[in-house]
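Chains as they are written, first to last, in full-length UniProt numbering: chain H, 1 to 482; chain Z, 1 to 482; chain B, 1 to 482; chain E, 1 to 482. One structure below.
There are 4 protein chains.
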Amino acid sequence: MGFDEEKGYFKVRDMSQAEFGRKELDIAEVEMPGLMSCRDEFGPSKLFKGVRISGSLHMTIQTAVLIETLEHLGASVRWCSCNIFSTQDHAAAAIVKARTSAVFAWKGESLEEYWWCTNQMLTWEGQPGPHMLVDDGGDATLLIHEGVKAEKQFAIDQSKPNPDSTSNAEMKCVFTIIRDGLAKDPTRWTKMAEACVGVSEETTTGVHRLYQMAKAGELLFPAINVNDSVTKSKFDNIYGCRHSLPDGIMRATDVMIAGKVVIICGFGDVGKGCAAAMKAAGARVLVTEIDPICALQACMDGYQVVRLKEVLPELDIIVTTTGNKDIVMVADMAKLKNNAIVCNIGHFDNEIDMLGVQTYPGIKHSQIKPQVDRWTFPEDGHGVIILAEGRLVNLGCATGHPSFVMSNSFTNQVLAQIELWTKKDSDTYKNEVYVLPKILDEKVAALHLGKLNAKLTKLTKEQAAYIDVPLEGPYKPAHYRY
Amino acid sequence: MGFDEEKGYFKVRDMSQAEFGRKELDIAEVEMPGLMSCRDEFGPSKLFKGVRISGSLHMTIQTAVLIETLEHLGASVRWCSCNIFSTQDHAAAAIVKARTSAVFAWKGESLEEYWWCTNQMLTWEGQPGPHMLVDDGGDATLLIHEGVKAEKQFAIDQSKPNPDSTSNAEMKCVFTIIRDGLAKDPTRWTKMAEACVGVSEETTTGVHRLYQMAKAGELLFPAINVNDSVTKSKFDNIYGCRHSLPDGIMRATDVMIAGKVVIICGFGDVGKGCAAAMKAAGARVLVTEIDPICALQACMDGYQVVRLKEVLPELDIIVTTTGNKDIVMVADMAKLKNNAIVCNIGHFDNEIDMLGVQTYPGIKHSQIKPQVDRWTFPEDGHGVIILAEGRLVNLGCATGHPSFVMSNSFTNQVLAQIELWTKKDSDTYKNEVYVLPKILDEKVAALHLGKLNAKLTKLTKEQAAYIDVPLEGPYKPAHYRY
Amino acid sequence: MGFDEEKGYFKVRDMSQAEFGRKELDIAEVEMPGLMSCRDEFGPSKLFKGVRISGSLHMTIQTAVLIETLEHLGASVRWCSCNIFSTQDHAAAAIVKARTSAVFAWKGESLEEYWWCTNQMLTWEGQPGPHMLVDDGGDATLLIHEGVKAEKQFAIDQSKPNPDSTSNAEMKCVFTIIRDGLAKDPTRWTKMAEACVGVSEETTTGVHRLYQMAKAGELLFPAINVNDSVTKSKFDNIYGCRHSLPDGIMRATDVMIAGKVVIICGFGDVGKGCAAAMKAAGARVLVTEIDPICALQACMDGYQVVRLKEVLPELDIIVTTTGNKDIVMVADMAKLKNNAIVCNIGHFDNEIDMLGVQTYPGIKHSQIKPQVDRWTFPEDGHGVIILAEGRLVNLGCATGHPSFVMSNSFTNQVLAQIELWTKKDSDTYKNEVYVLPKILDEKVAALHLGKLNAKLTKLTKEQAAYIDVPLEGPYKPAHYRY
Amino acid sequence: MGFDEEKGYFKVRDMSQAEFGRKELDIAEVEMPGLMSCRDEFGPSKLFKGVRISGSLHMTIQTAVLIETLEHLGASVRWCSCNIFSTQDHAAAAIVKARTSAVFAWKGESLEEYWWCTNQMLTWEGQPGPHMLVDDGGDATLLIHEGVKAEKQFAIDQSKPNPDSTSNAEMKCVFTIIRDGLAKDPTRWTKMAEACVGVSEETTTGVHRLYQMAKAGELLFPAINVNDSVTKSKFDNIYGCRHSLPDGIMRATDVMIAGKVVIICGFGDVGKGCAAAMKAAGARVLVTEIDPICALQACMDGYQVVRLKEVLPELDIIVTTTGNKDIVMVADMAKLKNNAIVCNIGHFDNEIDMLGVQTYPGIKHSQIKPQVDRWTFPEDGHGVIILAEGRLVNLGCATGHPSFVMSNSFTNQVLAQIELWTKKDSDTYKNEVYVLPKILDEKVAALHLGKLNAKLTKLTKEQAAYIDVPLEGPYKPAHYRY
């Protein structure tokens with residue numbers, strides 16, 4: 001397959017950034033020992049020779065190292081971003097320049113463009129589709145499943161999905177694409193789903209969708225839940241956000257965090273990392289929680305557990321980490337201090353009531369700089385500063401998680417793809433959702449210790465027998481919480 | 001049942017300490033809101049009226065509040081400690097003085113005395129035994145199971161267990177008790193096991209034994225694994241040890257922790273709490289691990305992950321937290337700095353090679369004060385200071401976990417006992433090991449939030465639907481790691 | 001001079017504790033490298049041969065190492081404690097047993113006994129008094145100055161100080177001793193002051209008195225302000241209290257600190273150490289301050305700066321560190337939660353309104369254990385737990401600062417005594433207050449680095465010239481704040 | 001005076017950035033309460049009406065708020081940056097657009113341009129020069145003093161400074177400017193110095209130069225040492241760097257800091273802030289020191305104190321904070337890990353051996369992006385990544401200290417300028433170096449508490465008398481270290 005923008009083989013913002021991207025890629029490789037070890041272990045045998053992999057995952061420098069790892073193992077790869085703001089244009093360009101993968105991604109896509117890219121990423125000329133999916137948030141999986149659903153209906157009654165039937169702006173795009181494709185090929189998505197060996201998914205949200213589909217018996221191919229590997233969930237969520245939340249806030253606003261009152265909405269893994277970062281920076285940290293266990297954990301770490309609505313006038317910075325919706329409403333923001341900062345590092349932008357803000361009567365909008373907007377309330381002239389338009393602040397305002405964290409997550413992705421591929425002809429994986437075997441989780445961790453000069457102690461045979469674990473692991477029962 | 005020491009109804013060190021114990025008990029109640037809530041909720045109905053409960057669990061002030069809670073719910077209670085050093089004599093006296101429970105426990109029992117106490121605690125005059133067991137470490141459960149095993153053998157061939165057949169000092173005691181009892185009643189333990197509705201067990205070690213017995217089909221009654229409730233495992237292990245490790249070291253040695261090099265062997269929950277405490281006190285903390293995931297977590301928190309044998313001469317303080325054996329050997333101690341401190345907060349004293357120390361040729365022993373011993377090596381005259389004779393330093397040298405932590409653990413125990421009792425006639429619990437339902441785990445946490453003025457946020461119906469959880473919980477999937 | 005209690009040569013509680021004290025002393029020596037280095041450097045020449053040193057300083061194990069250091073340098077030493085509760089009886093006994101010093105000190109002296117001890121400590125048979133004073137809080141210095149004042153008045157009009165003229169309980173004792181002595185020797189204190197080469201004083205309070213006396217022209221001999229050496233003020237106040245505040249609270253109450261709301265009154269060096277310790281233990285920490293600079297520092301470290309009276313019902317633990325009076329009044333305590341803990345680590349017990357508590361109408365007192373008292377308010381039955389009767393909680397409820405910290409403070413004392421003695425015949429020190437030369441302060445620090453394996457970097461000549469400091473120090477200007 | 005670039009009235013990069021700069025300026029004002037309070041207090045009286053102020057200080061957004069404050073008080077202002085990389089072009093443009101001040105500054109000046117800008121900033125058409133200087137690093141002061149020196153010599157023997165007489169690239173520029181000016185006006189600098197009421201200087205380096213000049217009797221006008229106000233030195237150095245060091249490293253490299261080994265060279269205030277930030281981010285932190293007191297402080301906070309040369313192969317990140325030269329030499333860098341990061345947050349770029357790097361035989365240079373350069377060693381192909389070409393990493397790679405910190409520093413500057421101006425006709429300030437009175441230092445802090453909702457406690461009269469301080473402050477003796 002060629003890489004020719006004219007022919008629609010890729011679409012990125014600016015190929016002149018490729019050289020800069022390559023330099024950063026080279027540096028990132030040193031920080032991603034897990035992926036480099038995969039290249040060493042599985043590269044020589046070209047395990048993925050002839051395998052088509054489609055990925056929908058923030059098109060960043062770190063993802064570029066993942067893509068090049070998959071390609072190094074022999075795969076053909078097509079890629080798009082899973083967020084309209086998260087593409088690093090120089091990373092996309094570097095990948096295209098190196099002919100490693102087709103890429104359809106740029107920073108600041110419109111929703112229409114976003115779903116066009118997703119569709120392109122799934123389109124393999126002369127093939128039904130990819131052998132495997134790498135997914136983040138589940139949009140690629142969603143498009144296929146919606147396509148299949150529509151094709152079934154179309155086969156029955158020739159009806160097509162109607163974009164006007166939904167108020168959800170994203171689903172309008174999805175329906176449009178599927179509707180328009182039905183004419184050309186009324187079984188395109190069905191064939192694609194059949195050809196698909198499986199998907200590995202890495203977000204809480206995406207995994208939740210998968211479990212719901214599996215429960216409903218609607219999942220069309222096996223799925224590996226990479227999100228719940230310890231080396232993904234704890235590392236990406238806790239350590240990744242601990243790094244990238246302050247990074248995002250500082251790049252966006254340059255605000256002094258020390259001395260400020262910061263509220264972290266949600267004290268799950270993401271919230272734990274965020275709260276730790278803000279406390280470490282000298283802020284006074286408040287926490288909101290619905291779960292009494294997480295709330296008590298917050299207490300034990302010295303955070304004050306409050307209800308958002310009862311502390312609004314005290315707050316300097318609000319961070320949502322819940323994975324739920326309607327956390328900060330425009331009525332809440334109307335009660336904040338002047339120039340209070342509001343941002344989201346959970347998942348979707350509906351944690352913050354963006355629609356409410358945009359339609360608040362008399363509100364004035366001023367873009368300070370890209371991804372940093374000040375909204376001025378008409379009543380008293382106080383403004384709130386919303387980062388990344390309510391989307392993920394670490395991706396929108398900084399560069400996402402650092403390479404070392406992503407190396408953990410992505411090594412899980414690679415091992416999951418290897419699991420799916422090497423066991424595709426066995427009965428191991430049905431159309432269900434699976435977590436990676438713990439021994440692979442431990443392997444991911446082990447591959448990252450050398451870079452940090454950490455030295456593992458080895459169990460003696462007697463000790464292994466005493467605590468009743470295999471000498472080489474896994475060392476913990478499935479329910480162990482770390 | 002009377003409470004008359006002459007008649008063997010209790011045995012404690014000194015009843016004159018009862019008043020002091022009562023004062024501390026009154027104060028502890030305020031710090032144990034979970035237990036007090038259980039009294040409020042289940043006390044009026046006398047849920048445990050007529051129920052015999054036998055407990056083997058460190059006889060401390062906090063345990064006294066547990067015992068009085070069980071008694072408040074209507075139970076008859078007999079108690080012993082599960083560790084020869086862990087009894088607080090004033091707590092034991094206060095319980096006996098109040099006639100709340102029979103108690104057989106004092107600080108500094110010999111092994112023979114320890115097992116005598118355990119036997120007394122299981123002995124209910126005119127009854128086959130307790131209805132339920134509260135266990136910590138599994139010694140009560142062990143004694144019953146060994147008894148039943150011996151009685152089966154005795155029924156076959158009249159053979160009796162032979163204390164000389166084992167080099168394990170504890171098993172010698174166990175065999176002696178069982179052997180001596182066979183003459184009096186050759187089916188005592190069998191009847192006791194049959195009468196037993198179940199056991200709730202709260203340690204990793206005890207739970208491990210239970211799972212092994214269940215796996216082998218040898219478990220004689222249902223068991224609830226209280227240890228793996230989040231509000232037990234995380235709170236007791238992390239937050240409890242974070243408090244009580246420095247407490248134990250400071251009371252025992254008065255040593256400045258800041259500036260010292262401390263190694264934490266094992267970075268599980270206990271190790272995490274210990275490492276946090278030592279870092280917080282200004283120490284430089286090294287960590288050893290066998291599990292690459294835990295090792296990588298240690299790295300992410302800034303700890304240096306090393307092998308013990310490679311850093312011995314640098315160390316000021318060694319803390320074992322592994323739950324495994326043979327962690328610090330006498331040959332290791334021979335290479336330490338003068339007056340390096342060695343202590344264990346894992347489980348058994350075999351984490352430290354106490355036998356090796358005691359039998360090292362030419363070594364000299366000097367007791368600085370109770371639970372603080374200096375052993376001088378003959379080669380160069382350097383000494384090591386071993387705390388609590390290698391047993392749990394927080395119990396031996398301080399007063400164990402603080403009341404608030406134990407309130408979490410013990411509220412789990414009470415809810416487990418209630419589960420076992422109220423469902424004893426249903427099929428819910430077989431002779432297997434169960435964890436408490438998550439909704440009860442969340443309840444334990446919720447009962448402790450008020451004391452800390454923490455205010456939970458309530459989900460809206462829409463939000464609960466959005467993330468697909470019941471409005472009132474449980475809020476997390478079973479595999480959630482907190 | 002003999003050591004015979006009958007003859008009044010010493011008075012301690014229990015000589016049978018001497019052996020235990022000696023063991024602890026041997027261990028403390030290893031933690032006090034500064035003092036041991038002084039022995040190595042100045043011991044062989046017996047620099048203090050024939051020198052009489054009187055000390056008024058908490059008679060603890062660490063002080064015992066100081067005393068033995070002074071004696072090792074050749075001095076004759078007499079000692080008393082500077083606080084009625086702070087003596088460690090086994091330390092006092094060990095010193096007497098070894099005939100290192102005469103000692104007049106025991107835990108729990110009455111005020112009359114306290115001042116009797118102070119008087120004994122200053123009494124050198126056949127001599128006018130000590131050559132030098134080691135003072136802590138300034139009581140020894142006060143007694144001499146009051147004595148001289150009274151003798152002057154007596155010489156004029158034969159009037160004697162009248163204990164009934166003051167409501168201050170301590171001054172009553174001082175006046176009584178002086179009054180009673182005038183008959184025996186009407187110039188005793190005058191001769192003593194004349195014979196005194198100088199005093200080294202180590203507390204903020206004592207130093208403040210000295211500066212006032214010097215300013216008023218009333219100081220009778222040179223004084224070295226050891227308190228303001230960096231290696232005293234920062235180490236003793238910050239690092240010492242960071243260690244010993246949680247130690248005191250835990251030993252006294254066993255209360256869980258994590259999750260609690262702790263207010264630190266005062267954010268000077270002591271407050272900074274205390275706040276850090278409480279935060280590290282998982283508490284939520286509030287701070288009160290009068291000084292805007294210190295208040296802003298508290299903000300920068302994430303503490304909420306509040307006024308005590310506005311947050312009383314939220315508080316679990318109150319710690320006073322101000323060095324001022326009337327910080328927590330009984331009316332404040334009447335508004336606290338049940339079993340809130342109140343303690344002082346500042347200086348005098350007047351930081352807490354003990355008189356107000358003791359005389360509150362209808363209040364009930366219950367001693368939980370020594371140094372832990374619960375006072376129950378009649379209105380609603382809530383109690384507050386006051387530690388160490390309002391005196392220093394780290395000394396009253398634990399063992400004070402750890403040896404390593406005291407080694408810093410006491411090495412300053414030794415170097416100050418050496419300064420005073422070796423320069424007594426020069427004009428260097430007049431009847432003023434002096435701080436130690438910075439090069440000696442740096443020396444104290446340097447003597448403590450080896451124990452911690454810290455390795456200093458050496459300046460090159462070019463670097464020293466570039467920043468314009470001597471190659472061997474001092475490295476900082478006088479006003480440097482560290 | 002007009003603002004016409006053609007006429008040389010200002011020179012900035014791009015006036016189109018003015019609007020963006022204004023928006024950031026508006027936001028910064030909210031974070032700079034000290035400066036805004038100065039406007040409220042001194043603005044109405046136009047205290048600086050007719051006063052000419054020349055400033056040489058990083059031309060950032062925060063400085064823009066300072067400039068507008070001076071102008072708000074009535075002053076005419078001319079400005080340049082004190083570092084070739086530190087100008088924020090949008091800040092410069094906003095100031096020019098608003099006609100607040102003439103500005104000569106852009107990011108990435110050459111040395112020749114830098115000194116041209118400095119000269120322009122000092123040039124007041126039709127006037128001998130500024131009434132007062134605001135200086136940072138002392139370059140403006142240096143130029144005037146060198147000018148006067150040259151004019152004196154020129155008056156004697158008509159000799160001119162010779163740029164070829166020095167190998168120092170900066171002094172070449174200084175000499176050239178002075179030489180070229182002598183023809184036009186041989187007493188320009190002499191008249192300027194005479195007209196100058198004083199300078200306020202805010203860096204350690206600049207202050208050091210001033211003290212040297214004062215000591216040598218060469219200082220030509222009074223100087224206020226703003227650097228040693230507590231609200232400057234502690235806040236700017238500790239809290240500022242704690243914020244901006246990780247900000248700079250993350251923006252430049254996106255590297256995961258957690259798990260890495262970071263060495264902080266120097267543990268003064270800057271080093272303390274940097275070490276705290278790196279530790280808080282999860283790094284393992286090593287420290288180097290020459291001063292034993294600072295080294296012992298590092299130990300007490302749990303840092304390992306080492307010598308740089310003994311740990312090179314372990315290091316991931318090196319940060320120099322010493323204010324000295326020759327800290328990291330090229331021979332050291334040759335021994336580092338691949339992609340180790342080297343940066344400086346001390347003062348000059350000579351902390352890192354940039355010349356040695358640039359001239360290392362066979363070394364290869366690759367610019368990753370502006371201010372991020374990789375230097376590859378020929379022996380083994382490992383590279384080091386040097387940030388900001390060895391200059392201040394927080395200014396070169398991020399945006400310097402946050403507004404709130406700079407508000408403290410700059411409020412000191414404003415109060416210093418007010419001191420100089422209002423007392424210019426009194427004898428208060430001679431040609432010496434002065435620190436601000438402590439009461440003003442406390443005032444600066446007080447002006448910043450409201451923004452953080454901190455509430456000061458007020459002393460009662462009795463309490464003030466008890467500790468012998470004025471009711472309204474200052475509250476501490478001059479030598480207090482905070």
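Ideal placement from N, C-alpha and C gives every residue a C-beta, glycine not left out. The structure displayed is predicted, hence computed values, not measured ones.
Residue 220(E) sits close to residue 148(E), with the two beta carbons spaced by under 8 Å. Here residue 373(E) is bridged, per DSSP, to 367(E), 386(E). Residues of chain B whose Cβ lies closer than 9 Å to the Cβ of residue 250(H) do not exist, since the nearest Cβ in that chain is about 16 Å away.
Burial check for residue 53(E): the Cβ neighbour count within 10 Å reaches 16 or more, so the residue is buried. Excluding the 5 residues flanking it on each side, residue 467(B) has no same chain C-beta neighbour closer than 6 Å. Taking a contact to require three or more Cβ pairs closer than 8 Å, the stretch 276-295 of chain Z and the stretch 342-353 of chain Z do not qualify as touching.
The C-beta distance from residue 318(E) to residue 265(E) rounds to 7 Å, short enough to meet the 8 Å contact threshold. Residue 133(E): member of the beta strand (DSSP E) spanning 132-135, first to last residue. Between the stretch 420-432 of chain Z and the stretch 456-467 of chain Z, the count of C-beta pairs closer than 8 Å stays below three; the two stretches do not touch. The DSSP assignment places 102-104 as complete runs of the beta strand (DSSP E) inside the stretch 88-123 of chain H, in order along the chain (cut-off: 3 residues).
Per DSSP, reduced to three states, the secondary structure at residue 201(E) is strand. Near chain B, meaning a CB-to-CB distance below 8 Å, the residues of the stretch 459-473 of chain E are 459, 460, 462, 463, 466, 467, 468, 473. In the structure shown, residue 258(E) adopts coil according to DSSP, grouped into three states. The Cβ atoms of residue 379(H) and residue 354(H) do not sit closer than 8 Å to each other. Within the same chain, 227, 323 come within 6 Å of residue 204(Z) by CB-CB distance, once the 5 residues on both sides are set aside. Take the alpha-carbon of residue 272(H) and the one of residue 238(H): they are about 6 Å apart. Chain-ordered, the chain H residues with CB closer than 8 Å to the CB of residue 403(E) read 254, 255, 256. In the structure shown, residue 51(B) falls within a coil segment according to DSSP collapsed to helix, strand and coil.
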